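Presented below is the structure to which this report refers.
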Amino acid sequence: MTNYEIPVRMDFDAHAPRFSNVMNTLDAASRQGDLDKGLAELVRIHASQINGCAYCVDMHTKDARAAGETEQRIYALPVWRETPYFTEAERAALALTASHTFGSTTGRPGTCSDRSSAALTAGTTPASRCGWRPRSGSTR
422 MTNYEIPVRM DFDAHAPRFS NVMNTLDAAS RQGDLDKGLA ELVRIHASQI
472 NGCAYCVDMH TKDARAAGET EQRIYALPVW RETPYFTEAE RAALALTASH
522 TFGSTTGRPG TCSDRSSAAL TAGTTPASRC GWRPRSGSTR
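Residue 422 is where the sequence shown starts when you use the working numbering, and the numbers rise one by one after that.
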């Protein structure tokens, strides 16, 4: 089996160090919440798939496996609504991620926030995952 290295689109640390520092701080803070580590990586993968960022999908799938996430659930992310593999809270997190990530491309916020907030507890919202989206499109 061959391992491939996926190139980074843009080195934000080198080109926009203050911006990168703020985003990394936000990401670190999101990792301190109550969101399960495996679910957090599934959310990151899902947002990266929506964003079309191969580098991020590669990175987050490796992190998800390291966090104990199953291959079956990782592979099912593009069709998560049609599988029995995810709990209500996980579905809420994935729906919220899609809503906010697609919202960043359409200019309007997602419509699932009320339903998702009912299924997620305080501290579990995967909000920071969408923060990189407006920047990732500009680096294609």
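Glycine included, every Cβ here is placed at the ideal spot set by N, Cα and C. Because the structure is a prediction, the values reported are computed rather than measured.
As the crow flies, the alpha-carbon of GLU511 is around 35 angstroms from that of ALA435. Residue burial is scored here from C-beta neighbours: ALA513 has at least 16 other C-beta atoms within 10 angstroms and is therefore classed as buried. Annotation: the continuous alpha helix (DSSP H) that includes ILE466 extends over 458-472. A residue is called buried when at least 16 other Cβ atoms come within 10 angstroms of its Cβ; ILE471 meets this threshold and is buried. Counted as a single uninterrupted DSSP element, the alpha helix (DSSP H) harbouring PRO438 occupies residues 438-452. Across the structure, ASP457 and ASN445 are spaced so that their CA atoms are roughly 19 angstroms apart. Check the Cα spacing between ALA487 and each of HIS467, ALA437 and ALA461: the tightest is with ALA461. ASP479 carries a helical assignment under DSSP once its states are collapsed to helix, strand and coil.
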